[in-house]
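Working notes, beginning with the structure itself.
Protein chains: 2
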Amino acid sequence: MTASQDTDERPRTGKTSTGRLPRSARRNQLLGAAEEVFVAQGYHAAAMDDIAERAGVSKPVLYQHFPGKLELYLALLDKHCEALVEAIRGALEATTDNKLRVQATTEAYFAYVAAESGAFRLVFESDLTNEAAVRERVEAVTRATATLVSKVIAEDTDLPEEEAMLLAVGVCGLCQITARFWLAQGGTIPKDEAVRLVSSLSWRGLKGFPMHGGEGVTH
Amino acid sequence: MTASQDTDERPRTGKTSTGRLPRSARRNQLLGAAEEVFVAQGYHAAAMDDIAERAGVSKPVLYQHFPGKLELYLALLDKHCEALVEAIRGALEATTDNKLRVQATTEAYFAYVAAESGAFRLVFESDLTNEAAVRERVEAVTRATATLVSKVIAEDTDLPEEEAMLLAVGVCGLCQITARFWLAQGGTIPKDEAVRLVSSLSWRGLKGFPMHGGEGVTH
DNA sequence: TAGCCGTGGAGGTCAAGATCGGCGTGCAGA
DNA sequence: TCTGCACGCCGATCTTGACCTCCACGGCTA
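Those protein sequences? They're chains A and B, same order as listed.
Each residue of the first sequence is one higher than the one before, counting from 1 in full-length UniProt numbering.
Each residue of the second sequence is one higher than the one before, counting from 1 in full-length UniProt numbering.
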C-alpha cells in the first residue's frame, strides 16, 4: 500500500532511457519533445509534465533549460517562423519569372504545411494569440512574407504600396489556407495538382492588375 | 486608488443596475456580456467572474443559465457561425452573375469582419481549437461556405468536385484573410477599395478555369 | 402580513506551473 | 587503484488561479 513501492528496475545506471546528456544535446531533445506535444495538443492543453515525460526526464530539468512554459513555446515558434520566411524568400529569389515565382511560393507553402512534424500548427493554428509575444511574432511572419511578395507586385504594377500589400497578404493567405485544407483532406488531391490549381488562381488573379506601360487588363 | 470604488448607485433595490429580469432577457444579456469578454480576452483568459461582473450579476446566475463555460462559448460560436453562413448564402443568392457573386461574397466577408462587436474573432481567431466541439464547428463553417461557393464554381467549369472545393476554400480564405488584415490596418484603405481589389483578384483567378464548352483559358 | 424564490458573497476542489533537498555517476588527482 | 568532488537528475511539494456550489437577504403574491 505504500506509495513508494514503485519497483523501479533501473538497468544499472538509474536512467530510464537516454542517460546523462551534455547540456546542449539535452536542450535539443527537450525542444523536440516540446514540439511534438505542442503540435499535438496545443499550448494550453500541453502540460509541462507531458513534455518532460515525452523527453524521458523529470520536470525540474525542463526548468533548468527554460525559464518557463512560455519561453519554451516562443523558442519553437521563433524557429519555425524564421523557417517559413526563409522558404518564401528562397522561392521568390529562385527566378525572376513572376509566374514561376507564384508557383514556387505556393509550392513552398504546401511543403511547409506538409512537413511531417506538423510544426506549421505553431504558426498558423496557435491557441496563444492572446499572448502579446505570440501575436506579435505571428503578425511579423505575415508581414514579412507579404512584404516580400508585395515588393514583387509593386515592381510590375502601378498599385500603391498599401494595395500591393493587401494583395500580397491575400495571396499568401490563399496559399496558407488551401495548403492546410489540402492537408486536412488527407490526400484526395495530389499535391502537385493542388499546387497547380492554387498557383493558377493566384497568378491569373494577379497578372490582370494594371502594369507599368498599361498592359494590364482593366477588369 | 482602491479598485472596488465603482460607485454603484443601486436605485432602490439591491441590484446593481438592471434589476430582476425575465429569464430570456437575462439570458440574452448574459450572452452579450460573454461575447464582449470572450472577444476581448479570448476563451482562456476570460474568467467567469469577468463575465458575471460585466453583466452586473453574480456567478451563480450564470450557472443557472448555462451549464458551464464551454457551453456558453459554444452558444455564442454557433450563433456567429450561422450568421456567417447565412450572409454568404445571401450574397450568392442575390444574383446569378458570377462576377457580382464574387463581389457580393467578398463584401459579405468584409462586413462580417467589420462588425463592431468583433465577434468574427470567435470564429476565425478562437483559442480553443483543440476542443473537439469548437474545432468541429469552425471546420463546419468553412465546409459550409466553401460548399456553397464550390457549387457555383462547379456549375460553370469542368473541374471535378474536389478541385472546385479546393478553389472555393481558397477564395473564402482569401476573403477572410484580407478582411482581417484590412481591419487590423485600421483604415488606411477604404473598405470599398479593398473589396474591389480582392474581388478582382478572385474573379480574374476563377474565370480562367476551363468552362463548359471549352471557353476557359487554359493557363 | 406571511411565505417563497431568486440573488449575492464566501468557500471547496483540483489541475497545472514552478521549486527544494537528496542521490547517484563519472572524473581528477595522488 | 582509491577517494573526494562536482554536476546533472529526480521524487515530492507549494502555490496560484479558475471553475463551480452553499448559507443569508430582500422584493413579490395571496
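Every residue gets a Cβ at the ideal spot worked out from N, C-alpha and C, and that includes glycine.
Since this is a predicted model, take the numbers as computed values, not measurements.
Query raised in the report: Does D127 of chain B have its Cβ less than 9 Å from a Cβ in chain A?
Result: yes
Query raised in the report: Do you know how far the Cα of L77 of chain B is from the Cα of G56 of chain B?
Result: 23 Å
Report task. Would you check if the distance between the CB atom of C81 of chain B and the CB atom of I177 of chain A is smaller than 9 Å? Result -> no
Query - chain B contacts made by the stretch 163-186 of chain A, where a contact means CB separation under 9 Å - result: E163, M165, L166, L167, V169, G170, V171, C172, G173, L174, C175, Q176, I177, T178, R180, F181, W182, A184 and Q185
Query - Members of the stretch 186-197 of chain A near chain B, C-beta cut-off 8 Å - result: T188, I189, E193, A194 and L197
Report task. Go through the stretch 106-189 of chain A residue by residue and report every complete run of the alpha helix (DSSP H) that reaches 4 residues or more, in order. Result -> 120-124, 132-156 and 161-185
Query raised in the report: So, are the CB atoms of K69 of chain B and Y43 of chain B less than 9 Å apart?
Result: yes
Query raised in the report: Apart from the five residues just before and just after D127 of chain A, which ones in its own chain have a Cβ nearer than 7 Å to its Cβ?
Result: G42, Y43 and H44
Query raised in the report: Which same chain residues, not among the five before or five after A114 of chain B, have their C-beta less than 8 Å away from its C-beta?
Result: A179, L183 and K191
Query raised in the report: Which residues bound the alpha helix (DSSP H) around F209 of chain B?
Result: Element bounds for F209 of chain B: n/a, residue is neither H nor E.
Requested in this report: Show which residues of chain B have a CB atom less than 8 Å away from the CB atom of N130 of chain A.
Outcome: Q41, G42, H44, A45 and D127
Query - Reference R101 of chain A, options A:F209, A:K79, A:R196 and A:P210, closest by Cα - result: A:R196
Query - Which listed residue (B:G205, B:E193, B:L166 and B:S200) has its alpha carbon closest to that of I189 of chain A - result: B:L166
Query - Nonlocal neighbours in the same chain, by C-beta distance under 7 Å from K59 of chain A, ignoring five residues either side - result: M48, D49 and A52
Requested in this report: Taking the CB atoms as reference points, tell me whether L174 of chain A and V198 of chain A lie closer together than 9 Å.
Outcome: yes
Report task. Using 10 angstroms around the beta-carbon of K79 of chain A, count the other beta-carbons present and answer buried if the total reaches 16, otherwise exposed. Result -> exposed
Query raised in the report: Mind pulling the chain A residues with CB within less than 7 Å of S202 of chain B?
Result: G205
Query raised in the report: How many angstroms separate the CA atom of M1 of chain B from the CA atom of Q103 of chain A?
Result: Any reading at M1 of chain B must be qualified, since the residue scores a pLDDT of 36, below 50, and its modelled position is unreliable; the value itself is stated next. So the two alpha carbons sit approximately 59 Å from each other.
Query raised in the report: Exposed or buried, which one is E107 of chain B when buried takes at least 16 other CB atoms within 10 Å?
Result: buried
Query raised in the report: When the Cα of A46 of chain A is compared with those of B:R121, B:P22, B:E131 and B:A34, which residue comes out closest?
Result: B:E131
Query raised in the report: Name the chain B residues whose beta carbon is nearer than 8 Å to that of G118 of chain A?
Result: The contacting residues do not exist; G118 of chain A stays about 13 Å from chain B at best.
Query raised in the report: In three-state DSSP terms, what is F38 of chain A?
Result: helix
**Report entry** Inter-residue Cα distance where the pair is residue 221 of chain B and V37 of chain A
**Finding:** Summary: the structure shown does not reach residue 221 of chain B, with chain B confined to residues 1 through 219, and so no result is reported for it.
Query - Contacting residues, own chain, Cβ-Cβ under 6 Å from G118 of chain A (five flanking each side not counted) - result: V39
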